[in-house]
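Those protein sequence lines, which keep their order, are chains E and Z.
The first sequence runs 1 to 198 under this note's numbering.
The second sequence runs 1001 to 1198 under this note's numbering.
These notes concern the structure reproduced below.
2 protein chains.
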Amino acid sequence: MAESITLVARTGKALRLAQGQEIRVVNTHGRQVVDTWAFAAGDMAEFMSMEHSRVHMGRVNPVQGSVLLSNRRRAMLTIAEDTSGGVHDTLLAACDVHRYRMLGATGYHRNCTDNLAEALAELSLVPPETPSPLNLFQNSAIHPGGELEIVPPIAPPGSHVTLRAEMDLVIVFSACPQDMAPTNGADMMPKDAELQIA
Amino acid sequence: MAESITLVARTGKALRLAQGQEIRVVNTHGRQVVDTWAFAAGDMAEFMSMEHSRVHMGRVNPVQGSVLLSNRRRAMLTIAEDTSGGVHDTLLAACDVHRYRMLGATGYHRNCTDNLAEALAELSLVPPETPSPLNLFQNSAIHPGGELEIVPPIAPPGSHVTLRAEMDLVIVFSACPQDMAPTNGADMMPKDAELQIA
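Pasting the structure below:
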């Protein structure tokens, strides 16, 4: 019996997963980026690290079968299945109030950094900092000269990524609220996603 | 009158820089990688962040003129001058005991993560974690399929990078002790570098 949770546009959600448990992240409407973090159960100082994962994968971006490591190089998550087209980002920081201010936003703008903290607070947890996220479905084009460009995602509506927990952990998702860059598609409109736990 | 400090092979060094001050990192023997971190003076929780810098630079790797940001998106360091050929890495985690154990090392192997902590301890400072370093002179080839390959650096003997502090900060360098991969050249032999403060 699968539990299904709507990850509401512009918000975050934290969940506990036991070792071996799988969670499916469905891109319900397509082209929505979902920032993803993982923390070891019982020790928030050990968290999924993009820089350690890149060394281990020998890749810039994870593909089906890739194993993502913690900052202590222990396996945390495996990309068990990917029907999204396989385009994900490990290079870009979570958006935050500073990023939106620099883009010209006035007043408060929802952001993935605050979503991480808010979602963890619902489990009475505090992040030690904001680790660099696994940006599921995010399309960052790396050009031959080293230029990095944020372009619309390719993930079709209803496509998904299934993540398997390789240790007991807390996983956190944020449906990215970016509406001032084409992060979430050319229409720059953040949308819901769906989380399905087996 | 420039002060010159030898960054001894396999070790680290932490220094305080005032806003506007410049430091030259000389690749004395060529092809030696120097892991580099920066922390805001008086607040170790604010540190140079590769993931925030990549967004700001719109690049994977910094070039002359690039500004590297903190995790609060404030300017920390500018690449004021670069005579090394302009190949540096922002993608790979600092080496650590886990990395060397996975490569087959037995017993303790010096590493950049411990060098960071040791160097800061000389200033009675403690890093909040090990931020992803700016790996000066490191040559990480990104192939079109997303594969990442560690290949020998191109920085010639005597070439240098000059970094300008954009705020009062603590800067930390580690002459990478990697001798089990071609990080520091095909001879896999860690070497000294030189730090020159104007």
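In this text, a Cβ means the ideal position worked out from N, Cα and C, and glycines have one as well.
**Request:** Output, in sequence order along the chain, the residues in the segment 1114 to 1148 of chain Z whose CB is closer than 8 Å to any CB in chain E.
**Result:** Residues of the segment 1114 to 1148 of chain Z whose Cβ lies closer than 8 Å to any Cβ of chain E, in chain order: Pro1128, Glu1129, Thr1130, Ser1132, Ile1142, Gly1146, Glu1147 and Leu1148.
**Asked** Can you give the Cα-Cα distance for Z/Asp1082 and Z/Asp1043, rounded to whole angstroms?
**Response** Locating residue 1082 of chain Z in the second sequence gives position 82, counting from the first residue. Locating residue 1043 of chain Z in the second sequence gives position 43, counting from the first residue. Roughly 29 Å separates the two Cα atoms.
**Asked** Closest by CA to E/Ala141, which one among E/Arg101, E/Val87 and E/Pro131?
**Response** Working through the first sequence from its first residue, we reach residue 141 of chain E at position 141. Comparing Cα positions, the closest option is E/Val87.
**Prompt:** For Z/Ser1070, which residues does DSSP report across the bridge?
**Reply:** Walking along the second sequence from the start, residue 1070 of chain Z turns up at place 70. Per DSSP, Z/Met1048.
**Prompt:** Terminal residues of the continuous beta strand (DSSP E) containing E/Arg204?
**Reply:** Because chain E in this structure spans residues 1 to 198, residue 204 of chain E falls outside the shown range and cannot be described.
**Asked** Using a Cβ-Cβ distance under 8 Å, would E/Leu92 count as near chain Z?
**Response** For the purposes of this step, residue 92 of chain E is taken as residue 92 along the first sequence, with counting starting at 1. Using a Cβ-Cβ cut-off of 8 Å, E/Leu92 counts as an interface residue toward chain Z, since at least one Cβ of chain Z sits closer than that to its own.
**Prompt:** Does any CB atom of chain B fall closer than 8 Å to the CB of Z/Met1102?
**Reply:** Considering every chain present, this structure includes no chain B. Its protein chains are E and Z.
**Asked** Skipping 5 residues on each side, what residues in its chain have a beta carbon closer than 6 Å to that of Z/Ala1181?
**Response** In the second sequence, the residue the question calls residue 1181 of chain Z occupies position 181. Cβ within range, chain order: Ile1150.
**Request:** Just tell me which of Z/Val1008, Z/Gly1085 and Z/Asp1089 has its CA closest to the CA of E/Val55.
**Result:** Looking up residue 55 of chain E in the first sequence gives position 55. Looking at the Cα atoms, Z/Asp1089 is the closest of the given residues.
**Item:** Residue from Z/Arg1073, Z/Thr1113 and Z/Val1170 whose Cα sits closest to the Cα of Z/Arg1010
**Value:** Position 10 of the second sequence, counted from the first residue, corresponds to residue 1010 of chain Z. Relative to Z/Arg1010, the option among Z/Arg1073, Z/Thr1113 and Z/Val1170 whose CA is nearest is Z/Thr1113.
**Prompt:** Quick one: does E/Val12 have its CB under 8 Å from some CB of chain Z?
**Reply:** Taking the first residue of the first sequence as 1, we reach residue 12 of chain E at position 12. With the sequence shown as reference, residue 12 of chain E is identified as Gly, and Val is not the correct amino acid for it. For E/Gly12, the answer is no, since every Cβ of chain Z falls outside 8 Å of its Cβ.
**Message:** Counting only Cβ pairs nearer than 8 Å, list the residues of chain Z close to E/Val34.
**Reply:** Your numbering for residue 34 of chain E matches position 34 in the first sequence. Scanning chain Z for C-beta atoms nearer than 8 Å to the C-beta of E/Val34 yields nothing, as the closest lies near 17 Å away.
**Asked** First and last residue of the alpha helix (DSSP H) that includes Z/Leu1077?
**Response** Position 77 of the second sequence, counted from the first residue, corresponds to residue 1077 of chain Z. The continuous stretches of alpha helix (DSSP H) do not include Z/Leu1077, which lies in the beta strand (DSSP E) extending over residues Ala1075 to Asp1082.
**Message:** Tell me which residues share the same chain as Z/Ile1079 and place their Cβ nearer than 7 Å to its Cβ, disregarding the 5 neighbours each side in the sequence.
**Reply:** Locating residue 1079 of chain Z in the second sequence gives position 79, where the first residue counts as 1. These residues qualify, in order along the chain: Pro1062, Val1063, Gln1064, Gly1065, Ser1066, Val1161 and Leu1163.
**Request:** Would you decide whether Z/Ala1002 is buried or exposed? Buried here means 16 or more other CB atoms lie within 10 Å of its CB.
**Result:** To locate residue 1002 of chain Z, count along the second sequence from 1; it is residue 2. Classification for Z/Ala1002: exposed.
**Message:** Within 8 Å of any Cβ in chain Z, is that where the Cβ of E/Gly58 sits?
**Reply:** Start at 1 with the first residue of the first sequence, and residue 58 of chain E comes out as number 58. Interface residue, yes.
**Between the CA atoms of Z/His1109 and Z/Tyr1100 - distance to the nearest angstrom** = In the second sequence, residue 1100 of chain Z corresponds to position 100, counting from 1. In the second sequence, residue 1109 of chain Z corresponds to position 109, counting from 1. If you draw a straight line from the Cα of Z/Tyr1100 to the Cα of Z/His1109, it comes to about 7 Å.
**Asked** With a cut-off of 8 Å, do at least 3 Cβ pairs link the segment 33 to 51 of chain E to the segment 70 to 77 of chain E?
**Response** With a cut-off of 8 Å on Cβ pairs, the segment 33 to 51 of chain E is in contact with the segment 70 to 77 of chain E, counting three or more such pairs.
**Request:** Check the Cβ of Z/His1098 against every Cβ in chain E and list those closer than 7 Å, keeping chain order.
**Result:** Residue numbering aside, residue 1098 of chain Z sits at position 98 when the second sequence is read from its first letter. Here the neighbours are Arg72 and Arg73.
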